[in-house]
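Encoded as structure tokens, the structure appears first; notes follow it.
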Amino acid sequence: MSRNLKADRSNIASPHIAPPHHLSNDPSLHYHVLQSAFNHLPSTSPQPPTVAPVVKLHDYLRVLTIPSIEELLNTTYVHFPYEKSFEEAKGEPLVALHTSGTTRLLKPVIFTRDYAAAYVRTLQSEPPEGFESLDRKSEGERTSAICVMIAAIANQTTCIFPPPAAITTAALQWKHSTHTNDVVGILGGPPLVADCAKNPELLDFFASHAGLMCYGGGDVALALGDIVSTKLDLYTSHGSTESVSYPLIRKIGDRDPKDWRYCHPHPAAELQF
């Protein structure tokens, strides 16, 4: 936590580094991404098996051990002053994202403070008359989410994350939600929707505790989505690492629950098809 503040940026690395024969996730390529932000390699303790191959190839990388969740939560930290104005810092890096390598082009994507501010401003755009903003449906609420960063801060949304290294499933989300009655929405991938469609008990639980579900990162079978949309306000989100998510709107009033597969971009996104 304090290291990120002093470094004045965060580096979010890919969760997987495959053996060298997988070109798209070659450790040497990961090194170049790390080098662009730091000459340091963050790691948990104990170190996962993915760390040793990278350090062996580039022995001058310094491995930094990330504190445990317990240490971060139980330690009182001295306030770190940040005295720059937005105008002074707007062109500086805020976060360096490591792309997943699915396009075989591992590269750092660096968001500046100005870019983050523009993204937030777009998400906060007032919807046209007769429409509601889907991006603000969880504003000021608790959301069980997988990947939330800038938008959660702007919307003052409390996010509930899955445990580290856990694959998020509907059953795992159910365990999270049993600890609070304040969760209003769930964000996940296509498997989350499929799990709910195949498990009526889970679907009924989420319908009574959450109300809405947003998915992204892939397609969902029409039959499965139709089942979930009968009990949950189901909708999809679109975006990419390079462009983040697009602000979406929806017409207020009667709507067909089976329209969950379609999206309506906010005019502020200036998308052209």
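If you read the sequence shown in my numbering, its first letter stands for residue 1320, the second for the next number, and so on. Built from N, CA and C at the ideal position, the CB exists for glycine as well. Predicted model only: the values in this text are computed from it and were never measured.
Candidates Trp1579, Glu1520, Arg1455, Phe1525: closest to Gly1544 by CA position
For the residues Trp1579, Glu1520, Arg1455, Phe1525, the minimum Cα distance to Gly1544 belongs to Trp1579.
Just to check my reading of the structure: Leu1416 and Thr1549 have Cβ atoms closer than 8 Å, yes? What is that Cβ distance to the nearest angstrom? Contact flag wrong, Cβ pair sits at about 36 Å.
Check your understanding: Which ranges does the alpha helix (DSSP H) cover as unbroken runs of at least 4 residues, wholly within the region 1364-1422, from first to last along the chain?
Key -> 1370-1376, 1388-1393, 1405-1408
Per DSSP, what are the beta-bridge partners of Tyr1581 in this structure? Residue pairing by DSSP places Tyr1581 opposite no residue, since no beta bridge is assigned to it.
Per DSSP, what kind of secondary structure is Leu1567 in: helix, strand or coil?
strand
Same chain, Cβ closer than 6 Å to Ser1556, neighbours up to 5 away in sequence not counted: These residues qualify, in order along the chain: Cys1533, Gly1535, Ser1564.
>> Between the alpha carbons of Leu1453 and Lys1375, how many angstroms are there, rounded?
In response: 47 Å
> Helix or strand or just coil, what does DSSP make of Ser1556?
Replying inline: coil
Go through its chain and collect everything with a Cβ distance to Lys1517's Cβ below 7 Å, but skip five positions before and after it.
none
Leu1551 versus Val1382: straight-line alpha-carbon distance, rounded: The alpha-carbon atoms of Leu1551 and Val1382 are separated by roughly 45 Å.
Under a three-way DSSP split, which group does Leu1531 fall into? strand
* Asked: Rounded to a whole number of angstroms, what is the C-alpha to C-alpha distance between Ser1404 and Pro1412?
  -> Cα to Cα, Ser1404 sits roughly 14 Å from Pro1412.
*Same chain, Cβ closer than 8 Å to Leu1567, neighbours up to 5 away in sequence not counted*: Ser1452, Leu1453, Asp1454, Tyr1554, Ser1556, His1557, Cys1582, His1583, Pro1584, His1585
Expressed to the nearest angstrom, what Euclidean distance is found between the alpha-carbon atoms of His1377 and Val1547?
48 Å
Handout entry: Rounded Cβ spacing between His1359 and Leu1380 (contact assumed at less than 8 Å)
Key = Their Cβ separation, rounded to whole angstroms, is 7 Å, which keeps His1359 and Leu1380 in contact under 8 Å.
Quick check: what's the CA-CA separation for Pro1386 versus Lys1409?
29 Å
Where does Phe1480 fall in DSSP's three states? coil
| request: For the beta strand (DSSP E) holding Gly1504, just list the boundary residues, first then last. | output: 1502-1507
**Prompt:** Who does Ile1429 pair with in a DSSP beta bridge?
**Reply:** Answer by DSSP bridge pairing, in chain order: Ala1415.
Notebook entry, point to check: Among residues of its own chain, excluding the 5 on either side of Ala1526, which ones have a beta-carbon nearer than 7 Å to its beta-carbon?
Noted result: Lys1550, Leu1551, listed in sequence order.
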